[in-house]
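Following this note's numbering, the numbering of the sequence shown begins with 6 at its first residue and continues without gaps.
C-beta atoms are modelled at their ideal positions from N, C-alpha and C, and glycine is treated no differently.
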Amino acid sequence: MTPRIQLTLLINLILLTASQCEGFLLPTTPLWPSTVATITKKGTTTTNTELNGTPKENGEYCVPTREIISLDSIRSTLIRKEESIIFALIERAQFRQNLKVYGVGGIASGLSAPPGSINCKGEELSFLDFMLTGTEVLHRMVRRYESPEEHAFFPDRLPPRDNALTNLVYPDLLSSKPSVNNINLNFNKILLEKYINVIVPATCTPGDDEQYGSTVTEDIAILQTLSKRIHYGKFVAESKYRSDPEQYQKLVDAGDADGVMALLTNSEVEARLLTRARLKATTYGREPLLSSLPTLQAGEEDDSTSIIAAAAASAVVAAVEAMKKDDERDLKGKMDPAIIEAIYRELIIPMTKDVEVAYLFLRCGREPPEEYQSDRMSVDVTELCTGNLECEMD
C-alpha cells in the first residue's frame, strides 16, 4: 500500500472518529484577532484589516494593551490554557510527590522572608511558599499583578512597585464598582489548598526523589496557570451579565445563588470542554508512533507524505484511546487522561463558576453568600473521582 493511500485511509478514519465525538473538532479564533501584523517580504508589511495600532517608521505596529485584552479573546484564551495546564501537569508528574516542599521545616528550618518581600518577617515558610513568594516579588516589579487577569497568591507579602516602568492602560472589561476588585475576588488560597491536597496526590507518584527545586518550579508554573484560568471567570461573568442584566440582578436581589449558578451554567459547553481536555491529555501524554516514521538517509528527499500519515495515525490512536471506557484503556501514557478530565470536572470548572457567582453578586451590589467566599469551594472536593470511583463531596 502506497503512503498516499495510507494517508487517505487515515484521514477518513480521523473524520469518522471525530463524527462520533462532537467537540473534538472545535473552530478556534486567533488569540489576539486585531493585533497581528504579518511580514510577507523584506521591507513590506501586510496588516490585518482590523489592526488599530499606531504605525512606526519601520512598518511595524505598536498595539496598546487595551486592544490585546478584549472580550473577543476570552474563548480562544481559555482553550489555549488547556494546553498550558495539561503540559504543566505532565511535567510535574515526572517527579515524586515530594511532600516535604509543602510543609514548614520540611526541607530546612528557618526559611523566612525572601528578599524583597514584606509582612512575613519572623514567619517560617514552607519551601513552596518561600519560592512562590520570591517569584511573585519579582513579577510584581514588572507589573504582572497590575493586570486584571493576574492574582498573586500572597499579595500581602508584595512591596509596592517603585521602579520607572510606566503604567499600562487596560480596557474597561469589568465593573468599575469598588467592591469588584482583585482582593475580594482572589480565590488563590483555596486553589493552593486543593492543589497540594488533591491534585498532587492524584497526578504524582508517592514518595520522595529529592528533586525539590525542580518540583516547586513546576508547582509554581501550574499554580499560576490555574489561577489565571479560574479567574477568567470574572470576564466570563461580566459578558454573561451584559447579555441579561435584568435577570441576574433579580436573582441576586433575591439572594438566589443557586439560580445564578443555574443561569450561568452551559452544560453543553462544559461537556465539550471535558471531551477536549481528555483527548488532549491522551494525545500529549503519549509518545509518537516512531515506528511509522520513514528513516531518511543523508541527501534523501523528505518523504512528507509518510510523516503526515504517521502523525495522523498517532492522532487516530489517541482519539480511539480517549473514547474507551476507563477499564478498557491502555494506561501506557505519561498520565491517565481520566485524571486530567477529573481535574477539570471536579476543580477547574467548579472553581471558575464559583468566581463567576461571587463576581455577579458583587457586580449587582451584594456580598456573595458564605459558600461563595473566596477561601472555599461551594461544593468541597477532597479527592478526584475517576472511572467508577465514587467520591464523597462535602
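Item	Value
Leaving out the 5 sequence neighbours to the left and right, which residues in its chain are closer than 6 Å to Glu-96 when beta-carbon positions are compared?	Glu-223
Thinking just about the alpha-carbon of each residue, which of Pro-211, Val-274, Gly-127 is nearest to the one in Val-241?	Val-274
Considering only their Cβ atoms, is the gap separating Ala-207 from Ile-348 smaller than 9 Å?	yes
So, for Ile-188: in the same chain, excluding its five sequence neighbours on each side, which residues have a beta-carbon less than 8 Å away from its beta-carbon?	Pro-160
How far does the alpha helix (DSSP H) with Glu-243 in it reach, from first residue to last?	238 to 248
Out of Thr-140, Val-174, Glu-154, which has the shortest C-alpha to C-alpha gap to Ala-226?	Thr-140
Looking at Leu-116 and Ser-131, is the spacing between their C-beta atoms short of 9 Å?	yes
If you drop the 5 nearest sequence neighbours on each side, which residues of the same chain put their C-beta closer than 8 Å to that of Glu-129?	Val-109, Gly-110, Ser-114, Gly-115, Leu-116, Ser-117
Do you know how far the Cα of Asp-380 is from the Cα of Pro-342?	29 Å
Whole angstroms is fine: what's the gap from Pro-374's alpha carbon to Ser-272's?	23 Å
Let me make sure I understand the geometry here. Which of Val-360, Arg-350, Glu-154 has the alpha-carbon closest to that of Asp-177?	Glu-154
Would Arg-148 and Leu-173 qualify as a contact pair, given that the criterion is a beta-carbon distance under 9 Å?	yes
Under the three-state reduction of DSSP, which class applies to His-144: helix, strand or coil?	helix
Evaluate the contact criterion for the region 246 to 259 versus the region 191 to 204: three or more CB pairs, one atom per stretch, below 8 Å.	no
Assuming contact is defined by CB atoms lying nearer than 9 Å, are Gly-238 and Thr-357 in contact in what I supplied?	yes
Looking only at C-alpha atoms, which of Tyr-364, Ile-235, Lys-339, Gly-121 sits nearest to Leu-94?	Lys-339
Roughly how many whole angstroms lie between the Cα atoms of Ser-383 and Asp-359?	7 Å
Need the endpoints of the alpha helix (DSSP H) that Ile-348 sits in, please.	342 to 348
What is the DSSP secondary structure of Ser-219, counted as helix, strand or coil?	helix
Would you call Glu-361 buried or exposed, if buried means 16 or more other Cβ atoms sit within 10 Å of its Cβ?	buried
Rounded to whole angstroms, what's the CA-CA distance from Gly-290 to Gln-99? Just pull it up for me.	12 Å
For Tyr-246, which residues from the same chain have a beta carbon less than 7 Å from its beta carbon, with the 5 sequence-adjacent residues on both sides left out?	Tyr-253, Leu-365, Arg-368
Tell me the rounded alpha-carbon separation between Val-205 and Leu-268.	32 Å
Would you report the Cα separation of Glu-243 and Ile-353, rounded to the nearest angstrom?	19 Å
Does DSSP put Glu-361 in a helix, a strand or coil?	helix
For Ala-157 versus Arg-166, is the C-beta spacing smaller than 9 Å?	no
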